[in-house]
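The structure appears below as structure tokens.
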Amino acid sequence: MPRFIEGQDRHQVTLLPESLDEFIAEDNAVRVVDAFVDELDLAALGFAGTTPAATGRPSYSPAVLLKIYIYGYLNRVQSSRRLERECQRNVELMWLTGRLTPDFKTIADFRRDNGTGIRGVCRRFVELCSHMKLFSEAAVAVDGSKFKAVNSRDRNFTPAKVTARKKQIEESIERYLDVLDKADRHQPGEFLAKTDRIKDKVKTLREQMRRMNQTEKQLAQQAEPQISLTDPDSRSMMWQAKGTGVVGYNVQVAVDTKHHLIVAHEVTNVGHDRGQLSRLAIAAREARDKPKLRAYADRGYFNGPQIKQCDDENITTFVPKPLTSGAKFDGRFDKRDFIYIAKNDEYQCPAGQRAIYRFTREEGGLQISRYWSSACPQCPMKPQCTPSDYRRISRWEHEAVLEKMQRRLDRQPEAMTLRRRTVEHVFGTLKYWMGSTHFLTRRLPNVATEMSLQVLAYNLKRVMSILGMARTMKAVSSMAA
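Just so you know, we're using this note's numbering here: the sequence shown kicks off at 793 and counts up by one.
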């Protein structure tokens, strides 16, 4: 008989059962989860059911259910049904919950009903990271990424999609009716079974056409021309990496540049990043409890009022300007070839002429000034400058803030490399953990709660990796103090 390590007989009865604590190593992450939740003031964070009712069937403690969820997201088990099974067979969860086995409905309801508390727990851990001096560089990288919702693309409609689908249905009905007409003229008896099947298909298509007409009316009645049937809050968004669209949410994060911890995050259903910078940067500064902050973002965040608001809040931004000049594309001078002379409030053009101030007016809520030179019609370089009679230059009233930021970018050419290496792998890690369908819940508040659990799990795992188990336990245990 081969010589192997032999296991115990599964039918062996022991007089004194082994302690459950002996199965959990001292450096097991589940001990950090237990200590962290035990130090939280769940009532102050907004959790429901922290005070048990005097009568009726006793309920599960919110602390127990929160521990189950944090453990689940740490181990890529987000489903309430899977967590129910794990509570019944997973030794670590048995140790964590004291062998309690809540059903999946209780687990799911806890996540749905305690969104405010769960998001508060995520913020509390960020405060703990700040207390441990893990945010020492006073710099964050801001970025957004599209995360899939439970709503498929076939269950999302826009006016263009409805029109295309109606045209497709009409063509299919026409084709089937043509087949039926031919079957009636040529040997109808031989095509009886096929005719019945085609009639069923035509009936189904006409029902689909009725639904499309109802959807078209609904789109016409609402302000936003988009409908998602499974998750009403999800939106169709452009996915630049694949050149296609995805129905989901836009997740915004601000990541610390030193240890790559997520300082602040937000879930929106707006498909672009132009209006997200200031809110996220301010949230990151407040979470770090520092008076100053540097924020790095890509071109998608370039927005004058947003950058101005960050400047007013003592946040130094690094956001490159998108190169969208039509003049440059056509081979002519663009605005960067004109030099602004602040002392005289005028521009010097490439031909050496001065474009002087003409007037100011409001455009899109912004005060825009116009400049041009009277020498434009006789200028020998005019073909290289403009096809119009005069080359008009626009200047926002707070353009100096954008010019100051551009000078910072010129002095720090590695700024966008720093942004990319800080934030991109965070999104890659989160999407890998979440699986092919990123979110399991519906509606924006529930999705935001789910994202907070993912961020909490990510930060918790990063801190344990950075500090080690002993120091993390010590820091968590001293939270109350």
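A virtual CB, placed ideally from N, CA and C, is assigned to each residue, including glycine.
For the beta strand (DSSP E) that Val805 lies in, which residues bound it at each end? That residue, Val805, is in no beta strand (DSSP E); it is neither H nor E in DSSP.
On the CB-based measure, 16 or more other CB atoms within 10 Å of its CB, does Gly1282 come out buried or exposed? Summary: the structure shown does not reach residue 1282, with the chain confined to residues 793 through 1273, and so no result is reported for it.
Return the residue from the list Leu1158, Lys1084, Gly1037 that minimises the CA-CA distance to Asn1095. Leu1158
Is the separation between the beta-carbon of Val1247 and that of His1057 shorter than 8 Å? yes
For Ala1262, I'd like the list of residues in its chain whose CB is within less than 7 Å of its CB, leaving aside the five on either flank, ordered along the chain. none
Once the 5 residues before and after Lys1100 are set aside, which same chain residues still bring their CB inside 7 Å of it? His1190, Val1193
Candidates Gly1040, Ala835, Leu1085: closest to Ser944 by CA position: Gly1040
Any contact of the segment 997-1015 with the segment 1218-1226, i.e. 3+ C-beta pairs under 8 Å? no
What is the rounded straight-line gap between the Cα of Pro850 and the Cα of Ala840? 14 Å
Short check: CB of Asn948 to CB of Ser1028, under 8 Å? yes
Give the range of the alpha helix (DSSP H) segment to which Gly907 is assigned. 907-923
Neighbourhood of Ser928 by C-beta, 8 Å cutoff - its chain only, sequence neighbours within 5 removed: Lys1050
Among Pro1112, Leu969, Gly1227, which residue has its Cα nearest to the Cα of Asp1202? Pro1112
What separation, rounded to the nearest whole angstrom, lies between the Cα atoms of Leu1252 and Arg823? 12 Å
Quick check on DSSP: helix, strand or coil for Thr889? helix
Cβ-Cβ separation, Cys1102 to Ala1143 (assumed contact under 8 Å), whole Å: Ala1143 to Cys1102, Cβ: 36 Å. No contact.
Between Leu972, Asn1005, Arg1003, Met1004, which has its C-alpha nearest Asp992's C-alpha? Leu972
How long is the line joining the alpha carbons of Leu1053 and Gly1227, rounded to whole angstroms? 21 Å
My understanding is that Gln1140 touches Phe1130, with C-beta atoms under 8 Å, so please give their C-beta distance in whole angstroms. 7 Å
Taking 8 Å as the cut-off, decide whether the C-beta atoms of Asp935 and Ala1089 are in contact. yes
Roughly how many angstroms separate the alpha carbons of Arg1187 and Arg1162, rounded to a whole number? 7 Å
Met1029 bridges to which residues according to DSSP? Val1038
For Asn1238, the three-state DSSP class (helix, strand or coil): helix
Contact under 8 Å by Cβ, Val1047 with Val1038: no
Out of Glu1105, Ala855, Tyr1093, Gln870, point me to the one whose CA is closest to Lys1082's CA. Glu1105
Would the segment 819-838 and the segment 854-874 be scored as touching if the rule is three or more Cβ pairs under 8 Å? yes
Leu866: first and last residue of the uninterrupted alpha helix (DSSP H) it sits in: 854-866
So what does Ser1161 bridge to, in DSSP terms? Thr1152, Arg1187
Residues that Asp935 bridges to, as DSSP identifies them: Val1045
I'd like to check one pair, Trp1164 with Arg1146: are the Cβ atoms closer than 8 Å? no
Would you mind working out which of Arg1080, Val1059, Ile961 sits nearest Lys940, comparing C-alpha positions? Val1059
Going by C-alpha distance, which of Leu1236, Gln800, Arg904 is nearest Thr1022? Leu1236
Identity of the residue in Glu884, Ser1026, Val913 nearest Asp946 by Cα: Ser1026
What number of angstroms, rounded off, separates the C-alpha of Met793 from the C-alpha of Thr806? Annotation note: pLDDT 47 at Met793 (below 50); position unreliable, coordinate value reported separately. Spanning the two alpha carbons is a distance of roughly 28 Å.
Can you tell me whether Ala817 is buried or exposed? The criterion is at least 16 other CB atoms within 10 Å of its CB, across all chains shown. exposed
CB Ala1240 to CB Tyr865, shorter than 8 Å? no
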